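Here's the structure we're looking at; comments come further down.
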Amino acid sequence: MATVTVFGLGEAGSAIAVDLAASGQAVQGFDPAPVPTPVGVIRLDDPRRAVLDSDVVLALTGAADATTALGQALDDIPAGTLYADLSTGSPALKRALAATAAGAGLPFADVALMGTVPDKGIRTPALASGDGADAFVTRFSPLGMPVRSTGPDAGAAATRKLLRSTVVKGVAALLVESMQAARRAGVDAEIWDNLAEQFTAADAAFLHRMLEGTERHAARRHHEMEATVELLEELGIDAIMTRATTEVLRRVRSGEASGVGDLAPPGDPHRTAPEAEPEEEETT
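Residue numbers (our numbering): 221 to 504.
What follows is the structure, encoded as structure tokens:
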């Protein structure tokens, strides 16, 4: 039976390993940390032994450990074995890993997980790139992973993941800053409910309004965010994210950042023609 080896048995690695084992795959794992062994996984204490009978190696380590993960058993992985790195690393890191893998005769897949792995496990949406991307899709799609190839260039999947992270992690950081301030002001429940309502109603048209409104109303919004920085500082909050927002609006207002309203893809049906600025802007 073909065997999947999983390097890294933390939260994400364990979730995927458990699902693979439950689907009937033989799964071997290695992690030097004192973490629990996932159900159905044969855990080995030597990474070189863990890869000997594998047709696929999945590295689910942190990006800082990705190079070490590949190197720790590189000479023992059978030539032709698919090596997939699922860390959230930079495109440059993925290209370097691909080059190292190629030198050992291993097809390489740069895999970007595009969702919360502990919630979805093997069903986490994913992108794959590199010379082993198609093989990865062929191997894991039948097991329930919604994965598609973005081409043969390692780093292409990571690029898409990190560009998305700019928004997803940025919004999370803004939420932290806003809720810290709201709690200091004693209105955290009210602000939470309002934000939940806004995000629940968000759709593609909402994204368009954010871009187009930012360009059209940059001056007004810049002043609004200056006032917001002042409020947060009065509340004792270091307004790192809010100051960054203020600076972006300043650049849009001054023309340093132009064409913001046109950043949405041209073919998107929610894209609208420019309108004259109204006397009063709707509050959003």
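All residues carry an ideal CB built from backbone N, CA and C; glycine is no exception. Quantities reported herein were computed from a predicted structural model and do not represent experimental measurements.
Residue range 274–279 is occupied by the beta strand (DSSP E) that includes S274. Here A405 really is in contact with L455; their C-beta atoms are around 6 Å apart, less than 8 Å. Using a Cβ distance threshold of 8 Å, T358 and V277 do not count as a contacting pair. Assignment of S243 by DSSP, reduced to helix, strand and coil, places it in the coil class. As DSSP reads the structure, L347 sits in a beta bridge with A332, R368. Per the C-alpha coordinates, the member of A232, F227, A346 positioned closest to A293 is F227.
Secondary structure of Q292 (DSSP, three-state): coil. Taken through DSSP and simplified to helix, strand or coil, T301 comes out as coil. Taking one beta carbon from each stretch, the region 365–374 and the region 411–427 have fewer than 3 pairs nearer than 8 Å; the two do not touch. Beta bridge pairing from DSSP links I262 with Q248.
For V224, the enclosing beta strand (DSSP E) has its first and last residue at 223–227.
The residues D275, in chain order, have a CB closer than 6 Å to that of A222 in the same chain once the five nearest residues on each side in sequence are set aside. Counting along the chain, L483 sits inside no alpha helix (DSSP H), nor does DSSP assign it H or E at all. Sequence-distant Cβ neighbours of L313 in its own chain, meaning closer than 7 Å and more than five residues away, are A283, A286.
Ranked by how close their Cα comes to the Cα of H443, the residues I457, L317, R471, V391 have R471 in first place. The C-alpha of L240 lies about 7 Å from the C-alpha of V247. The C-beta separation of T308 from K381 comes to about 6 Å, placing the pair in contact by the 8 Å criterion. Only exposed fits S361, as fewer than 16 other CB atoms lie within 10 angstroms of its CB. Shown here, D339 sits in a helix according to DSSP, grouped into three states.
For P267, the enclosing alpha helix (DSSP H) has its first and last residue at 267–270. Rounded to the nearest angstrom, the gap between the Cα atoms of G230 and L280 is 8 Å. Around the beta carbon of D265, fewer than 16 other beta carbons sit within 10 angstroms, so the residue counts as exposed. Here W412 has M399, A402 as same chain residues with Cβ atoms under 8 Å from its own Cβ, once five neighbours each way along the sequence are excluded.
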